[in-house]
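Taking the UniProt record's numbering, the leading residue of the sequence shown gets 1, the next gets one more, and so forth.
All remarks here apply to the structure that follows.
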Amino acid sequence: AVLTFDPSAADDLAQWYALMVNQSYRWANEGWGGHIMGPSLIHVNPLLRLAQAEHSMSPATEFVRARGGSVTIEELPSWLAFFTKYVLSAERDVGYQVAMGTRLLPSGLFSTESGRAQLSLLINSTLPYASPYVIAGTPWLFHETPGATSVTPAWRDAIWHMGLSSRFPYNSTLSERTATYQTMEEHIQQFRDLAPESGAYFNEGDIYEPDHQQSFWGNNYAKLLEVKHKILVSDPDGILDCWQCVGWKGPSDPLYQCYIKL
Numbered sequence: 001a002v003l004t005f006d007p008s009a010a011d012d013l014a015q016w017y018a019l020m021v022n023q024s025y026r027w028a029n030e031g032w033g034g035h036i037m038g039p040s041l042i043h044v045n046p047l048l049r050l051a052q053a054e055h056s057m058s059p060a061t062e063f064v065r066a067r068g069g070s071v072t073i074e075e076l077p078s079w080l081a082f083f084t085k086y087v088l089s090a091e092r093d094v095g096y097q098v099a100m101g102t103r104l105l106p107s108g109l110f111s112t113e114s115g116r117a118q119l120s121l122l123i124n125s126t127l128p129y130a131s132p133y134v135i136a137g138t139p140w141l142f143h144e145t146p147g148a149t150s151v152t153p154a155w156r157d158a159i160w161h162m163g164l165s166s167r168f169p170y171n172s173t174l175s176e177r178t179a180t181y182q183t184m185e186e187h188i189q190q191f192r193d194l195a196p197e198s199g200a201y202f203n204e205g206d207i208y209e210p211d212h213q214q215s216f217w218g219n220n221y222a223k224l225l226e227v228k229h230k231i232l233v234s235d236p237d238g239i240l241d242c243w244q245c246v247g248w249k250g251p252s253d254p255l256y257q258c259y260i261k262l
């Protein structure tokens with residue numbers, strides 16, 4: 001399913017994100033996964049047939065068509081066919097300067113009326129700053145073996161991996177970059193407050209994650225630290241240390257003096 005439209009009314013984007021919030025729990029249970037970015041959606045589903053997929057997506061397709069947008073729902077013979085047609089054509093530049101924060105948004109925000117209302121209201125208030133980038137690609141339907149992997153268990157109960165980002169010029173001043181990061185912190189903190197028991201994705205996390213041990217690793221942290229201590233016996237110079245990794249020594253280490261201090 002590939003849907004896109006150009007917002008014309010002042011509240012089109014807020015209504016669109018509210019629709020995404022209202023439908024995402026059902027979509028996750030039906031096997032959908034993909035991306036939501038601004039007035040667009042691209043989702044795939046290995047479980048539904050074409051007619052079922054069209055019916056499942058009908059709330060979104062009706063919304064998009066009512067605004068003169070584009071709707072494509074089709075059945076492709078393989079994952080490679082989808083990848084070739086849609087992913088390769090959507091290549092984007094990487095490596096630009098960006099302040100970013102993310103949060104894993106748990107199922108309770110999508111499965112209950114109060115949760116959906118709170119999340120939609122927060123997204124609406126965030127839109128003047130940035131359109132959330134949503135990866136609806138959590139292991140919701142995967143039957144995991146508890147403790148089998150090191151990722152935070154918050155992934156297992158999340159419906160969305162949601163991110164906010166703000167670019168800044170390569171030649172911006174220190175004060176300008178600091179202001180960009182501080183503004184990002186203010187906005188992503190509201191999503192932490194909405195889901196304080198959840199977590200974040202380490203590789204796309206906030207550089208200044210305030211409780212990185214819990215956010216990135218959850219209940220796995222103690223076991224991972226035990227493993228790290230065994231490794232450190234043969235790593236006296238701390239080569240395996242990194243910013244907010246397991247066993248991180250903190251920002252005062254000389255290695256991290258290039259980081260902005262907020």
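Heads up, the beta-carbon is just placed ideally off N, CA and C, and yes, glycines get one too.
Bear in mind the structure is a predicted one, so any value in this text is a computation, not a measurement.
| Hey, quick one: how far does the beta strand (DSSP E) through Thr72 stretch, first residue to last? | Ser70 to Thr72 is the extent of the beta strand (DSSP E) around Thr72.
| query | If you count every other CB in all the chains shown that lies within 10 Å of the CB of Phe216, and 16 or more means buried, which is it? | reply | Its Cβ being crowded by 16 or more others within 10 Å, Phe216 is buried.
| message | Using a Cβ-Cβ cutoff of less than 7 Å, which residues in the same chain neighbour Val44 once the five nearest sequence positions on both sides are dropped? | response | Cβ-Cβ distances below 7 Å link Val44 to Gly33, Gly34 and Phe82 in the same chain, with the five nearest sequence neighbours on each side left out; the list follows chain order.
| said: DSSP has Ile42 in a bridge; who is on the other side? | reply: Looking at the DSSP assignment, Ile42 forms a beta bridge with Val2 and His35.
| request: State the beta-bridge partners of Met100 as determined by DSSP. | output: DSSP, once it has assigned bridges, lists Ser165 as partnering Met100.
| query | Below 8 Å between beta carbons: does that hold for Ser89 and Tyr133? | reply | Contact annotation: Ser89 and Tyr133 have beta-carbon atoms that are not nearer than 8 Å.
| query | Assuming Leu105 and Leu13 make a contact with CB atoms under 8 Å, what is their CB distance in whole Å? | reply | Contact doesn't hold; Cβ gap of about 18 Å is too wide.
| field | Limits of the unbroken beta strand (DSSP E) element including Ile135 | value | DSSP places Ile135 in the uninterrupted beta strand (DSSP E) bounded by Tyr133 to Ala136.
| request: Identify every run of the alpha helix (DSSP H) within the region 101-160, keeping only runs that are complete inside it and at least 4 residues long; order them along the chain. | output: Segments of the alpha helix (DSSP H) lying fully in the region 101-160: 108-111 and 113-126.
| query | With a Cβ-Cβ cutoff of 8 Å, do Tyr208 and Val246 count as a contact? | reply | No, the Cβ-Cβ distance between Tyr208 and Val246 is not below 8 Å.
| With C-beta atoms as the reference, is Phe110 less than 8 Å away from Val227? | Cβ atoms of Phe110 and Val227: not closer than 8 Å.
| said: Taking 8 Å as the limit between beta carbons, can you name the residues of its chain near Cys242, skipping five residues before and five after? | reply: Beyond the five residues adjoining it in sequence on each side, Cys242 comes within less than 8 Å, by CB distance, of Trp248 in the same chain, given in chain order.
| query | For Ala99 versus Thr173, is the C-beta distance shorter than 8 Å? | reply | Taking 8 Å as the Cβ cut-off, Ala99 and Thr173 do not qualify as a contacting pair.
| Which residue from Asn219, Val233 and Pro210 puts its Cα closest to that of Gly250? | The residue with the shortest Cα to Cα distance from Gly250 is Pro210.
| query | Beta carbon of Arg67: closer than 7 Å to some heavy atom of the ligand FMN? | reply | Inclusion of the ligand FMN in the displayed structure is not the case, the ligand content being empty and no account of it being possible.
| query | Among residues of its own chain, excluding the 5 on either side of residue 264, which ones have a beta-carbon nearer than 6 Å to its beta-carbon? | reply | For residue 264 there is no data in the structure shown, the boundaries of the chain being 1 and 262.
| query | Looking at the structure shown, is Tyr208 part of a helix, part of a strand, or coil, going by DSSP? | reply | Reduced to three states, the DSSP call for Tyr208 is coil.
| query | Would you call the CB atoms of Leu48 and Ser40 closer than 8 Å? | reply | No; because the gap between Cβ atoms is not below 8 Å, this pair is not in contact.
| query | Taking the alpha-carbon positions, what's the Met37 to Gly238 distance? | reply | Their backbone Cα atoms lie some 39 Å apart in a straight line.
| query | For the candidate residues Arg65, Gly68, Glu62 and Thr72, whose alpha-carbon lies nearest to that of Leu50? | reply | Minimum Cα-Cα distance from Leu50 among the listed residues Arg65, Gly68, Glu62 and Thr72 corresponds to Thr72.
| field | Pairwise C-alpha distance: Gln257 and Pro77 | value | Rounded to whole angstroms, Pro77 to Gln257 spans 51 Å at the Cα level.
| request: Give the secondary structure of Glu75 by DSSP, where H, G and I count as helix, E and B as strand, and everything else as coil. | output: Correct three-state label for Glu75: coil.
| field | Separation of Arg156 from Leu149, as counted between CA atoms | value | Here residue 149 is Thr; the residue named in the question, Leu, does not match the sequence. Using only the alpha carbons, I get a separation of about 11 Å.
| query | Is Ala28 closer than 8 Å to Ile159 when the C-beta atoms are compared? | reply | Annotated as proximal: Ile159 and Ala28, with beta-carbon spacing under 8 Å.
| said: What does the Cβ neighbour count give for Phe142, buried or exposed, with the cut at 16 atoms within 10 Å? | reply: Phe142 comes out exposed.
| query | Do you know whose CA, among His187, Glu91, Asp93 and Ile135, lies nearest Tyr129's CA? | reply | Ranking His187, Glu91, Asp93 and Ile135 by Cα distance to Tyr129 puts His187 first.
| query | Taking the Cβ atom as the reference point for each residue, do Asp206 and Ala200 lie within a distance shorter than 8 Å? | reply | Taking the C-beta atoms as reference points, Ala200 is found nearer than 8 Å to Asp206.
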